[in-house]
Each structure stands twice: as C-alpha cells, then as structure tokens.
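Engineer:
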Amino acid sequence: MPELPEVETARRGIAPHLEGRRIERLTVRDRRLRWPVPAGLEGEVRGQTVLAVDRRGKYLLLRTASGTLILHLGMSGSLRVVGAADPPATHDHLDLVVEGGTALRLTDPRRFGCLLWTRGDPARHPLIATLGPEPFDAAFSGEYLFRLSRGRRCAVKAFLMDGHVVTGVGNIYASESLFLAGIHPARAAGRVARTRYGRLAEAVRTVLGEAIRAGGTTLQDFVGADGRPGHFSRQLRVYDREGEPCGVCGHLLRRRVIAQRAAFFCPRCQR
DNA sequence: CCCGATTCCTGTAGGC
DNA sequence: TGCCTACAGGAATCGG
Numbered sequence: 070m071p072e073l074p075e076v077e078t079a080r081r082g083i084a085p086h087l088e089g090r091r092i093e094r095l096t097v098r099d100r101r102l103r104w105p106v107p108a109g110l111e112g113e114v115r116g117q118t119v120l121a122v123d124r125r126g127k128y129l130l131l132r133t134a135s136g137t138l139i140l141h142l143g144m145s146g147s148l149r150v151v152g153a154a155d156p157p158a159t160h161d162h163l164d165l166v167v168e169g170g171t172a173l174r175l176t177d178p179r180r181f182g183c184l185l186w187t188r189g190d191p192a193r194h195p196l197i198a199t200l201g202p203e204p205f206d207a208a209f210s211g212e213y214l215f216r217l218s219r220g221r222r223c224a225v226k227a228f229l230m231d232g233h234v235v236t237g238v239g240n241i242y243a244s245e246s247l248f249l250a251g252i253h254p255a256r257a258a259g260r261v262a263r264t265r266y267g268r269l270a271e272a273v274r275t276v277l278g279e280a281i282r283a284g285g286t287t288l289q290d291f292v293g294a295d296g297r298p299g300h301f302s303r304q305l306r307v308y309d310r311e312g313e314p315c316g317v318c319g320h321l322l323r324r325r326v327i328a329q330r331a332a333f334f335c336p337r338c339q340r
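Heads up: the first sequence begins at 70 in my numbering, then just goes up one per residue.
1) Which residues mark the beginning and the end of the beta strand (DSSP E) in which Glu88 is found?
2) Taking the alpha carbon of Val114 as the reference point, which residue from Arg325, Gly201, Asp164, Arg81 has its own alpha carbon closest?
3) Can you find at least 3 beta carbon pairs, one from the segment 176-194 and one from the segment 147-162, that sit closer than 8 Å?
4) Mind checking Arg265: buried by the 16 CB within 10 Å criterion, or exposed?
5) Between Leu95 and the rest of its own chain, which residues show a CB-CB distance below 8 Å, the 5 nearest in sequence each way excluded?
6) Taking all protein chains shown into account, decide if Gln329 is buried (16 or more other Cβ within 10 angstroms of its Cβ) or exposed.
7) Would you identify the three-state DSSP class for Phe228, choosing helix, strand or coil?
8) Going along the chain, which residues of its own chain have a beta-carbon closer than 7 Å to the beta-carbon of Val76, five neighbours each way excluded?
9) Roughly how many whole angstroms lie between the Cα atoms of His233 and Tyr242?
10) Could you check if Arg174 is buried or exposed, using at least 16 other CB atoms within 10 Å of its CB as the buried criterion?
11) Quick one: what does DSSP say Arg265 is sitting in, helix, strand or coil?
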C-alpha cells in the first residue's frame with residue numbers, strides 16, 4: 070500500500086545512505102517486475118554516484134550524472150538498507166550496492182513495482198510527464214480540481230485516485246480525505262461544488278501530512294517496514310472500519326466497492 | 001476523450 | 001490440519 074506518505078518516508082530513510090555514494094554494482098535477481106528491469110542496466114549504473122534521491126508522486130528518482138533510476142514500489146514493494154553481504158530472502162529482487170558495504174534492497178512479493186532508467190530529464194519520462202501536480206504544490210487547489218472535474222461522470226473517489234489528476238493519493242487516503250471533506254465517494258466528480266473541492270484539497274493535504282508525520286515516528290525503522298497499515302491504521306478515521314461508529318456522528322461506517330476499489334465512508338457525514 | 005473492466009502477482013484470511 | 005477461494009492494492013491498458 071505504499072502511497073505518497075510511505076514513499077516519502079522511504080525516501081527520507083534511504084537518502085542519507087545513498088546520496089554522495091558511488092554505486093559499486095546493481096544485482097538483479099529477478100527482472101520480472103511490472104516492466105522488466107532493462108537489460109544492461111547493471112552496466113549503466115556501475116560507477117555512477119547517487120547525486121540525489123527525489124520523489125515524484127509515488128516514484129522515487131535516484132539521480133546520477135548520466136541518468137536517473139526510476140523506482141516504484143507498486144503495491145507490495147518495500148526498501149531496506151542492508152549489509153551488502155546479507156543473504157537475500159525470497160522476493161528480494163534487487164540490490165543496489167553502494168560504497169561502504171551497504172545496499173539498497175527491494176523486496177516486492179507481487180512484483181508490481183518497477184526499476185527503470187532514463188538518460189534524459191526524468192520529468193519527461195512517459196510515466197512521469199503525465200502525472201498530475203503534487204498534493205503539496207500550489208498548483209493543487211480546489212479551483213484546479215473543480216475545473217478539471219467539470220463534465221466528468223466518474224466517482225469523485227476514482228477521480229481523486231487518478232494519478233493524472235493528483236499524485237500520491239491511493240485507496241486508503243482517498244477514503245480518508247473524502248471523509249474529512251464530507252463528500253460521498255460515489256458522487257460524480259463533475260457534480261461536486263467548487264467550495265467542496267476547496268475542502269477536499271485541504272483534506273488531502275491534512276491527511277497526507279498527518280501520515281507523513283506518523284511515518285516519521287512509527288516507521289522510523291521503516292527499512293524493516295512491510296508496507297501494511299500497521300501502526301498507521303490506528304489513526305485512520307474510516308479505512309477498514311466498516312461497522313464501527315463514525316468518530317464525528319456515531320453512525321455506522323459503511324464499505325462499498327466503487328470503481329473496483331473498496332471505499333469506506335460515513336453515510337451521514339458524507340453526501 | 002471518457003470510463004469501466006481487466007490485468008499483472010502472491011500472501012493472507014476465512015470458510016468448509 | 002489443510003485445501004480452496006476471495007481479496008487486497010497501483011496503475012497501465014484494453015474495449016466500448
């Protein structure tokens with residue numbers, strides 16, 4: 070379930086171990102990720118220095134002078150910093166070994182993650198170029214959501230989870246944000262009023278901000294984190310709480326599949 | 001263009 | 001105890 074807060078937490082955790090370090094080698098044990106790890110990537114990155122570890126949406130960008138590694142955790146991916154000699158376990162598909170005897174290790178049981186390479190500006194890479202604004206960017210606003218949504222008949226929850234609308238909001242935080250904003254997840258995106266989109270944009274930032282802070286404390290040893298809600302779930306207001314009372318009005322929370330995804334909401338607070 | 005359905009994969013939980 | 005099925009979730013892609 071890595072959504073923006075988890076990826077940002079991962080970025081903060083791994084950056085100090087990678088930035089300024091030379092890549093000694095890339096070991097690929099299984100190339101069969103969402104897209105095959107490019108043939109010859111090992112040779113491309115060997116000897117390069119990691120200049121910066123950036124994030125765009127749910128993508129991590131490991132920049133070097135000759136190109137950028139584009140890393141996505143998919144649904145079940147997680148990263149750990151390990152000793153380069155530590156024996157890999159099942160599903161440990163990649164090791165990026167840097168100087169100093171440490172390695173960045175990707176574990177991804179479902180293999181929906183990816184590791185790609187681009188020589189040019191990663192912002193122009195097809196997977197990155199079409200992404201919507203970052204939730205904490207000024208371009209992401211109620212007015213932006215309102216304008217983009219006019220005429221759209223898909224559920225507002227599906228609209229919010231579309232990475233081309235805004236990046237980083239996955240299934241969990243979409244439900245949480247819509248609850249805070251008081252918007253019913255099944256409502257057509259084009260039928261949500263401007264003022265309510267203002268509340269939604271604010272709610273997204275509130276929810277993601279809280280989660281990033283929680284990630285900093287509960288997942289400070291995130292390198293061992295497995296990506297499941299874990300401690301996070303404690304502070305979720307509606308996600309996975311079907312049948313429990315709403316914290317605001319006491320009405321029982323509901324679960325409903327909307328656009329092929331589980332949505333959790335309060336039928337009284339959200340219209 | 002827009003949208004719903006499908007697809008990739010495997011660990012886990014629940015039913016029998 | 002163990003087998004079987006349903007389900008979870010990110011996001012590209014396909015089909016209408």
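Even for Gly, the Cβ is constructed at its ideal location relative to N, Cα and C.
Keep in mind it's a predicted model, so treat the numbers as computed, not measured.
Structural biologist: Taking the definition as stated:
1) Looking up residue 88 in the first sequence gives position 19. Where Glu88 is concerned, there is no enclosing beta strand (DSSP E), given that its DSSP letter is neither H nor E.
2) On the first sequence, residue 114 is found 45 positions in, with the first residue counted as 1. Answer by Cα proximity: Asp164.
3) yes
4) Stepping through the first sequence from its first residue, residue 265 is reached at position 196. Classification for Arg265: buried.
5) Position 26 of the first sequence, counting from 1, holds the residue named residue 95. Here the set comprises Leu110, Glu111, Val114, Arg115, Leu163, Asp164, Leu165, Val166.
6) The residue labelled residue 329 in the question sits at position 260 within the first sequence. It is exposed - the Cβ of Gln329 has fewer than 16 other Cβ atoms within 10 Å.
7) On the first sequence, residue 228 is found 159 positions in, with the first residue counted as 1. Under the three-state reduction of DSSP output, Phe228 falls in the helix class.
8) The residue labelled residue 76 in the question sits at position 7 within the first sequence. Arg124, Lys127, Leu129, Leu142.
9) By 1-based counting over the first sequence, the position of residue 233 is 164. By 1-based counting over the first sequence, the position of residue 242 is 173. In a straight line, the C-alpha of His233 is about 16 Å away from that of Tyr242.
10) Stepping through the first sequence from its first residue, residue 174 is reached at position 105. Classification for Arg174: buried.
11) The count along the first sequence starts at 1 and reaches residue 265 at position 196. In this structure, Arg265 counts as helix in the three-state DSSP scheme.
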